[in-house]
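With our numbering as the guide, the letters of the sequence shown map in order to residues 1 to 313. Built from N, CA and C at the ideal position, the CB exists for glycine as well. Source: prediction; values computed, not measured. Notes for the one structure printed next.
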Amino acid sequence: MHFITSPKRKKAVMPLLKLVNWLNPRFPKTMVQIRHLLRQKRFAHLKYPQDLNEKILWLALNTDTTKWSKLTDKYEVREYVRDCGLSEILIPQYGLWNSMKEIKLDNLPKSFILKPTHGSGDVVVIRDKTRVDWNAICEKVQKDLDTYLITSAAELHYARIPHRVLAEQLLKNDPVSEKYSSTLIDYKIWVFNGNAHYIWVCMNRFVRNKDGAEVMTYDREWNAHPEYCRVTPDFTIAEPMPKPAGYEHMLEIAERLAQPFPVVRVDLYNLNGTIYFGEMTFTSYGAIMDFYTDEFLKKAGSEVDLHRVNSIN
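Structure below.
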């Protein structure tokens, strides 16, 4: 999910988001069309979907998304990754709790991250636990746990995810990646009907007091396509970077995880050839992705075959 990228902006529009949160489960198709019109300047073709956004919306509104909930859950998805024979790509975790009160800071390593299992982008990075305001962190994360997640109309599968918090190992950038990004590079691989097609690379997140990230889209052969990208308040276009070590293995991992689905984005990290699992995303940016050009959305949408999907309507 990706409703609002910047925490500052998210807080500023919170009253509006709460209203949206109430309307979404009651009028999902109407809310989808309103959001699509506001972002894409036209209504979505939901009866005969064509582009990538529309096909994701169709799936969200017309198929059983129960499995989406489990695989979007930051903890439960780990079982699926193991079942796919990929346990080696899982980031080590230190614990899972229902409340921040249950966490004993003394039992955690010096550095780690906290991540709500139902959230999106709500990660708390702790580089040195002896130098943080633990009470303030607990207050912030507990607020996330106590709040019903505000989702877009196309992301109601988030509402079925239990509100828990996990702690996992803090990954550190490798020297090669640091040449291009001061933050971890996120390789978001688009897989359509079991085949990896495009990689959306996000880097330099929230640096130099800027919202969002620098991004670039690559095809399967790792050719950069800046013409597929669109500058938005959240995203600017990055300079092309070399193909990462172990790239072919990344594609194999993404395809194995995504095999049962017509479309899913598999997010991975690559630290000097060592691959780590990030998450699986079924409704990227709430399926109103405006950081891609219309031409790319149509091209990508044409590669998603919905004929094998059984509608529940």
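* Asked: Below 8 Å between beta carbons: does that hold for Leu171 and Tyr285?
  -> For the purposes of this step, residue 171 is taken as residue 171 along the sequence shown, with counting starting at 1. For the purposes of this step, residue 285 is taken as residue 285 along the sequence shown, with counting starting at 1. Cβ distance not < 8 Å, so Leu171 and Tyr285 don't count as in contact.
* In the DSSP assignment, find the unbroken alpha helix (DSSP H) run with Thr72 in it and report its ends. => As a working mapping, residue 72 is identified with position 72 in the sequence shown. Thr66 to Thr72 is the span of the alpha helix (DSSP H), which, as asked, contains Thr72.
* Is any heavy atom of the ligand GTP found at a distance shorter than 7 Å from the C-beta of Glu102? -> No copy of the ligand GTP occurs in the structure displayed, which carries no ligand at all.
* Leaving aside the five residues before and after Ala245 along the sequence, list all residues of the same chain whose C-beta is less than 8 Å from its C-beta, in chain order. => Within the sequence shown, residue 245 is the residue found at index 245, counting from 1. Answer for Ala245: Val176, Asn270, Asn272 and Gly273, listed in chain order.
* Asked: In angstroms, rounded to a whole number, what distance separates the CA positions of Thr283 and Arg82?
  -> Within the sequence shown, numbered from 1, the residue matching residue 283 stands at position 283. Within the sequence shown, numbered from 1, the residue matching residue 82 stands at position 82. Roughly 23 Å between the two C-alpha positions.
* Candidates Lys188, Ser152, Asp290 and Glu221, of which the one nearest Trp22 by Cα -> Residue mapping note: residue 22 aligns to position 22 of the sequence shown, counting from 1. Comparing Cα positions, the closest option is Ser152.
* Which listed residue (Leu166, Ala167 and Ile185) has its alpha carbon closest to that of Asp174 -> On the sequence shown, position 174 is the one that residue 174 refers to. With distances taken between Cα atoms, Asp174 lies closest to Ile185.
* **Coil, strand or helix - Phe43 by DSSP** => One-based indexing of the sequence shown puts residue 43 at position 43. Here Phe43 sits in coil by DSSP.
* Own chain residues within Cβ distance below 7 Å of Arg230, not counting five before or after -> Indexing the sequence shown from 1 puts residue 230 at position 230. Only Asp290, Phe291, Tyr292 and Thr293 meet the Cβ criterion.
* To do: Could you tell me which of Asp128, Asn193, Asn107 and Glu227 sits nearest to Ala258, measuring between CA atoms?
  => By 1-based counting over the sequence shown, the position of residue 258 is 258. The shortest C-alpha separation from Ala258 is found at Asn193.
* Residues near Asp73 in its chain [Cβ-Cβ closer than 8 Å; skip 5 each side] -> In the sequence shown, counting from the first residue as 1, residue 73 sits at position 73. Cβ neighbours of Asp73 beyond the five flanking positions: Thr117, His118, Ile161 and Pro162.
* Roughly how many whole angstroms lie between the Cα atoms of Ser99 and Asn107? -> For the purposes of this step, residue 99 is identified with residue 99 of the sequence shown, where counting begins at 1. For the purposes of this step, residue 107 is identified with residue 107 of the sequence shown, where counting begins at 1. Near 16 Å, if we compare the C-alpha coordinates of Asn107 and Ser99.
* Asked: Shortest alpha-carbon distance to His225 belongs to which of Glu79, Phe261 and Glu239?
  -> Locating residue 225 in the sequence shown gives position 225, where the first residue counts as 1. Closest by alpha carbon: Glu239.
* **Simplified DSSP assignment, three categories, for Gly95** => In the sequence shown, residue 95 corresponds to position 95, counting from 1. Of the three classes helix, strand and coil, the one that applies to Gly95 here is strand, per DSSP.
* Asked: Along the chain, where does the alpha helix (DSSP H) that runs through Glu227 open and close?
  -> Working through the sequence shown from its first residue, we reach residue 227 at position 227. Boundaries for Glu227: no alpha helix (DSSP H) harbours it, and the DSSP string shows neither H nor E there.
* **Neighbourhood of Asp133 by C-beta distance below 7 Å, restricted to the same chain and skipping five residues each side** => Taking the first residue of the sequence shown as 1, we reach residue 133 at position 133. So no residue of the chain qualifies.
* Asked: Straight-line CA distance for Leu114 to Glu76?
  -> The sequence position of residue 114 within the sequence shown is 114, counting from 1. The sequence position of residue 76 within the sequence shown is 76, counting from 1. Distance between the alpha carbons of Leu114 and Glu76: 16 Å.
* Determine which residues share a DSSP beta bridge with Leu86 and list them. => Position 86 of the sequence shown, counted from the start, is the residue given in the question as residue 86. Answer is none; Leu86 lacks a bridge partner.
* To do: Tell me whether Lys298 sits in a helix, a strand or coil according to DSSP, three-state version.
  => By 1-based counting over the sequence shown, the position of residue 298 is 298. Three-state result, Lys298: helix.
* Asked: Per DSSP, what kind of secondary structure is Gly286 in: helix, strand or coil?
  -> Translated into the one-based positions of the sequence shown, residue 286 becomes position 286. Helix at Gly286.
* Considering only residues of the stretch 178 to 220, which uninterrupted beta strand (DSSP E) runs meet the minimum length of 3 residues and lie entirely inside it, listed in chain order? -> 186 to 192, 195 to 203 and 213 to 219
* To do: Under 6 Å Cβ to Cβ from Trp200, same chain only, skipping five residues before and after it: list those, please.
  => On the sequence shown, residue 200 is found 200 positions in, with the first residue counted as 1. Closer than 6 Å at Cβ, skipping near neighbours: Lys188 and Thr217.
* Asked: Which residues in the same chain have their Cβ closer than 8 Å to the Cβ of Gly85, if we skip the five residues on either side of it in sequence?
  -> The sequence position of residue 85 within the sequence shown is 85, counting from 1. Around Gly85: Arg256.
* Look at the Cβ atom of Pro262, then the Cβ atom of Leu297, and state whether they are nearer than 8 Å. => Mapped onto the sequence shown, residue 262 falls at position 262. Mapped onto the sequence shown, residue 297 falls at position 297. No, they are not a contact pair.
* To do: Answer yes or no: do Gly95 and Leu166 have a C-beta to C-beta separation smaller than 8 Å?
  => Counting from 1 along the sequence shown, the entry for residue 95 is found at position 95. Counting from 1 along the sequence shown, the entry for residue 166 is found at position 166. Yes. Within cutoff.
* Val207 beta carbon less than 8 Å from that of Thr236 -> Translated into positions along the sequence shown, residue 236 becomes position 236. Translated into positions along the sequence shown, residue 207 becomes position 207. Their beta carbons are not under 8 Å apart, which means Thr236 does not touch Val207 by this criterion.
* To do: With DSSP as the reference, label Lys115 as helix, strand or coil.
  => Residue numbering aside, residue 115 sits at position 115 when the sequence shown is read from its first letter. Strand, per DSSP.
* Asn125 burial status per 10 Å Cβ neighbour count (16 or more: buried) -> Within the sequence shown, the letter at position 125 stands for residue 125. Strictly speaking, residue 125 in this sequence is Val, with Asn absent from that position. Looking at its Cβ environment, which holds fewer than 16 other Cβ atoms inside 10 Å, Val125 is exposed.
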